[in-house]
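For reference, the structure discussed in these notes is given below.
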Amino acid sequence: MRKSRIKLALELIAIAIALFFLGNSVSDFRVYEGATVALYVIAICSIILLTGYSGQISLGHGALMAVGAYAAVLARYYWHTSGLLSLIIAVLAAALFGLFLGWAAARLRGPYLAGTTLALAVGLPSLANQFHFLGGEQGLNFDIGAPPKFLGSNFSTTKWYFWICSLAALIIFWLVYNLLHSRFGRQWQAMRSAPVSAAISGINIARSKVLAFTISSGVAGLAGALLVMTLNLVTPSAFPLSLSFAIVTGAVLAGITRLGGAVVGALIIVAIPDIADQIAIKAGGVERVSANLPGFITSLLLILTILFAPNGANIGKFMSLRKKKTS
Amino acid sequence: MTLQVTNLSINHDAIEAVQDLTFSINEGELAAVIGANGAGKTTLLRALSGLKNPKSGSATWRDNSMIGKRPEDLVRMGILHVSDGKTVIPELTVKENLALGGLWRKDKTDVAKATTEVLELFPKLGQRLAQRADTLSGGERQMLAIGRCLVARPELLMLDEPSLGLAPIIIEQIFTALNDLRKRTGLTVLLVEQNAMSALEIADKGIIINLGKLVAQGAARDLINDPTLQAAYLGY
Amino acid sequence: MRLLSTFLIGVSSGSIYSLMALALVLVWRSTRVVNFAQAGQAIASTYLGYLVITHTNNYWLALPVAMVAGAVIGALADIALIRPLNRRIKSGPVLEIAPVIATLGLLGLIRSLVGMIWGGDLKQYRAPVSINGFTFGHTTIPFSRFNLLIVFTAIVVMVIFAFVFQRTGLGLALRAAAFQPEIARLAGVRVDLVRTIGWAIAGATGAIAGVLVTPSTSLSPNSLDLLLVLGFVSAVIGGLESLIGAVIGGLILGIGLALILEYVSTSLAFPAAFVVLILILIVKPAGLFGMKRGRDA
Ligand SMILES: Nc1ncnc2c1ncn2[C@@H]1O[C@H](COP(=O)(O)OP(=O)(O)O)[C@@H](O)[C@H]1O
Ligand SMILES: [Mg+2]
């Protein structure tokens, strides 16, 4: 069921216009959350491409996001690159890192890859503490520049970030969609579902896997750069283990093979802290409970999904079922 | 009837590997299940030993249902199965493989006694007790697998193509040992074979299946001499 | 003297990595799951041990309490999570990643529960014996009485492991269920039960690692994450299938990291561990003690 490229492009443009009006009509905090959703969509797309299609698992995409983020910040900090160029550098740096990692990863399966990438997620961000030029625990400021003048003087930076993130998400979505429906996407699927016959039919499995890892890393790097853009700051603590877990959770909730689910996954991930806050307030607002409730809900959701709906929360199917019932 | 299989059907997803199979075996008999490759013999044994859930039908051993029980429970009912392919645990020693068969039993003196009997029956195993099972020859592995079952004092022993890949002289040895054992202990044996002649020669009863369905069952001697069966299923 | 002392420190931290690696290998062998929740199970057990210490001021009571807690949590994890998972997921795109995801979820769940109960602040865990290094004449080495105790405890645990696995019926059942579960079943071994026991033993072992490592660091809901990673690296060095390999892998990693920390740079410990992991996986994927089984089983 492949949509034509033009049709998808038109749909995405329609979404962009809708987002434009939405961005103008809600509070600044919601706009900020919107930017976060958009960058999570990007990160989740990178996992869906990697895990859902090429069959490789990564628990360390938070670390790849960190690579992208630090690359963008360092480029801007030391070379004063423009905002756009910084983001491009983020993609390239993370992709390059992913290329090396993917080269090792292509030989690994399942638990080995999971363990290796987990090691990366645990250890890599903390490296920044130990090298002075990376800014240590305090981090480095990251200011991508004020919104262009023509947008008006009361156009907030938050809204500017929201625009950038949303635009990036739409572009990435379109690119990844096309990639997954290209020769490469079909190769990845063949490789994941029937590795032996894929190899017999002439697919170079190792190269194909490395390619997926490289692209996925580049996409994750962009998400990382956008993340620190919205924070105005890059620090090791922006990339905790829970970030890697959150995007994997988002991808699993999305249905690991359904790109469209990325939006659902991202919305849930961003909504959880809000919902948790509401619950925590009702429950008396003990600090240590409210601080841990989002993690608790996320983990519980992850476990329940993998047990009861391993192919994703499948909200689309749920809604279409409901439609049939009511009609 | 000691073993009674009634209208048993077993599927592998869409493949109906065994269809509506009915047969029975008496106490102490050696019954041979004969059929070509893919006839459903392995599937049948796996269902009888609890490794596979059948789609419908029943199977009873001395009037106790065998269906819906786990292999380890059936073992405790005296039903032992040597599966096809890997029959022993290669990473363990011969001694450990044998000990495994008696692990669940409370009567440790009888386990020791049964182990001694196994080593008398298959003296080759006795010389290799400390070796890992993957150093054994094919015939020795088959002996070890049967020996492991004997340590559990089986009442029904099911063997899946024990002769596969073995030299005729080894097959002869194993079958002779099996026959001796049967006479001595009253063991009931369900023997699956492609090699129809050698199986029917030692069997009391033959059960011929083809493409999952029963073709014929009866006294082994009668089946050997039935000209239509000979031509179609027994391969000579 | 400096070399010897560094070596001893390496043996001490390496024996803790070995314990974590043993826990991971045990579960991997019995259920084909690399249990990332091991860090969570161990942290919950360690906190329970902390509870005992704060009330009784007795480390020697905390250790068994943590072990029992670890065993119970491990058994529950298998019964409530892994068994249903194996029953429900038999094919499809998530088959391979499902156990990883599930144990990840469990890790997050336990950690957040621990955080809710005890909060996120760092807790101090008093060592039962001195953590000041031994003094010979005028020189004091970093290796302390407590380090000695760690090594001793780890050795005791490993001897018990060796005895149970090689000399008892339970050990035989554990090995049989790990190598060939179907044949083990056909021999009458209650494989599900045996697996759960494997998870319980692994849980207790991880708890020991947690209680041993914590006095030298401090306790927080994620203070054992690094230990999980180092345990994983150790297990991979040993080939992931082998209990002895896990012990040796832990010691190699412990000594190697101690040497790097002492002679090269404190900032290189993690990159070094990571590079070792990648190198092993690329050059010697079956571990340094090459087992016959493939990596992808
Ligand atoms: N695990 C399985 N999955 C799918 N089909 C199977 C499986 N095992 C056996 N079959 C099919 O069931 C039929 C019977 O196989 P089997 O019982 O192995 O026959 P036999 O042992 O007589 O050679 C065959 O068509 C075979 O392809
Ligand atoms: Mg067969």
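Chains as they are written, first to last, in this note's numbering: chain A, 1032 to 1358; chain B, 7 to 242; chain C, 5 to 301. Each residue gets a CB set at the ideal place from its N, CA and C atoms; glycine is no exception.
Between which two residues does the beta strand (DSSP E) carrying residue i extend?
{"i": "residue 162/B", "result": "162-166"}
{"i": "residue 64/B", "result": "62-67"}
{"i": "residue 13/B", "result": "9-18"}
{"i": "residue 223/B", "result": "219-225"}
{"i": "residue 38/B", "result": "36-40"}
Which residues in the same chain have their Cβ closer than 8 Å to the Cβ of residue i, if we skip the five residues on either side of it in sequence?
{"i": "residue 98/B", "result": "106, 138 and 139"}
{"i": "residue 1210/A", "result": "1080, 1216 and 1246"}
{"i": "residue 1069/A", "result": "1193, 1196, 1197, 1199, 1200, 1257 and 1297"}
State the DSSP-derived secondary structure class of residue i, mapped to helix, strand or coil.
{"i": "residue 10/C", "result": "helix"}
{"i": "residue 201/C", "result": "helix"}
{"i": "residue 141/C", "result": "coil"}
{"i": "residue 1270/A", "result": "coil"}
{"i": "residue 30/B", "result": "strand"}
{"i": "residue 197/B", "result": "strand"}
{"i": "residue 193/C", "result": "coil"}
{"i": "residue 212/B", "result": "strand"}
{"i": "residue 170/B", "result": "coil"}
{"i": "residue 25/B", "result": "strand"}
{"i": "residue 127/C", "result": "strand"}
{"i": "residue 1181/A", "result": "helix"}
{"i": "residue 72/C", "result": "helix"}
{"i": "residue 1226/A", "result": "helix"}
{"i": "residue 136/C", "result": "coil"}
{"i": "residue 1264/A", "result": "strand"}
{"i": "residue 147/C", "result": "strand"}
{"i": "residue 99/C", "result": "coil"}
{"i": "residue 138/B", "result": "strand"}
Quick one: residues in its chain with C-beta nearer than 7 Å to the C-beta of residue i, no 5 flanking neighbours on either side, listed in chain order?
{"i": "residue 230/B", "result": "206"}
{"i": "residue 89/B", "result": "166"}
{"i": "residue 249/C", "result": "242, 243, 291 and 293"}
{"i": "residue 216/B", "result": "41, 42, 45 and 239"}
{"i": "residue 1039/A", "result": "1205 and 1208"}
{"i": "residue 1296/A", "result": "1075, 1281, 1282, 1284 and 1285"}
{"i": "residue 161/C", "result": "23, 209 and 212"}
{"i": "residue 124/C", "result": "224 and 225"}
{"i": "residue 111/C", "result": "40, 41, 43 and 44"}
{"i": "residue 146/C", "result": "9, 13 and 137"}
{"i": "residue 52/C", "result": "69, 70 and 73"}
Where does the unbroken alpha helix (DSSP H) through residue i begin, and where does it stop?
{"i": "residue 85/B", "result": "Residue 85/B -> not in any alpha helix (DSSP H); beta strand (DSSP E) instead, spanning 85-88."}
{"i": "residue 1234/A", "result": "Premise fails: residue 1234/A is in no alpha helix (DSSP H) and is neither H nor E."}
{"i": "residue 116/B", "result": "114-127"}
{"i": "residue 1077/A", "result": "1059-1078"}
{"i": "residue 157/B", "result": "144-157"}
{"i": "residue 1096/A", "result": "1092-1110"}
CB-CB under 6 Å to residue i, same chain, minus the five flanking residues each way: which ones, in chain order?
{"i": "residue 1022/A", "result": "Outside the shown range of chain A, which is 1032 to 1358, sits residue 1022/A, and nothing can be said about it."}
{"i": "residue 219/B", "result": "25"}
Does the segment 18-33 of chain C touch the segment 244-260 of chain C, meaning 3 or more C-beta pairs lie closer than 8 Å?
yes
Output, in sequence order along the chain, the residues in the segment 81-110 of chain B whose CB is closer than 9 Å to any CB in chain C.
81, 82, 86, 87, 88, 89, 92, 93, 94, 95, 96, 97, 98, 102, 103, 105, 106, 107, 108, 109 and 110
Output needed in chain order: residues of the segment 177-195 of chain C with a Cβ under 9 Å from some Cβ in chain B.
177, 179, 180, 182, 183, 184, 186, 187, 188, 189, 190, 191, 192, 193, 194 and 195
Return the residues of the segment 1109-1139 of chain A that lie within a Cβ-Cβ distance of less than 7 Å from chain C, sorted by chain order.
1135, 1138 and 1139
Please confirm if the segment 1190-1197 of chain A is in contact with the segment 1273-1281 of chain A, defined as three or more CB-CB distances below 8 Å between the two stretches.
no
Residues of the segment 105-119 of chain C with Cβ closer than 7 Å to any Cβ of chain A, in chain order:
105, 106, 108, 109, 110, 112, 113, 115, 116, 117 and 119
Which residues of the segment 266-291 of chain C have a Cβ closer than 8 Å to any Cβ of chain A? Give them in chain order.
270, 271, 274, 275, 277, 278, 281, 282, 285, 286 and 289
Using 8 Å as the Cβ pair cut-off and three pairs as the minimum, do the segment 48-61 of chain B and the segment 125-138 of chain B touch?
no
Determine which residues of the segment 1280-1299 of chain A have a Cβ less than 7 Å from any Cβ of chain C, and write them out in chain order.
1283, 1287 and 1288
Note down, in chain order, all residues in the segment 137-165 of chain B with a beta-carbon under 7 Å from any beta-carbon belonging to chain C.
154 and 158
Between the segment 200-233 of chain C and chain A, which residues of the former have a C-beta closer than 9 Å to a C-beta of the latter?
225, 226, 229, 230, 232 and 233
Between the segment 81-95 of chain B and the segment 155-171 of chain B, are three or more C-beta pairs nearer than 8 Å?
yes
Using a beta-carbon distance cut-off of less than 9 Å, what residues from the segment 64-98 of chain C approach chain A?
85, 88, 89, 92, 93, 96, 97 and 98
Could you please tell me which residues of the segment 144-175 of chain C, in chain order, have their CB closer than 7 Å to any CB of chain B?
173
Could you tell me whether the segment 178-186 of chain C touches the segment 44-58 of chain C, using the rule of 3 or more Cβ pairs below 8 Å?
no
Evaluate the contact criterion for the segment 1301-1313 of chain A versus the segment 131-138 of chain C: three or more CB pairs, one atom per stretch, below 8 Å.
no
Under 9 Å, CB to CB, which of the residues in the segment 43-67 of chain B have a partner in chain C?
55, 56 and 57
Specify whether the segment 1113-1128 of chain A and the segment 1093-1105 of chain A touch according to this definition: at least 3 beta carbon pairs, one from each stretch, less than 8 Å apart.
yes
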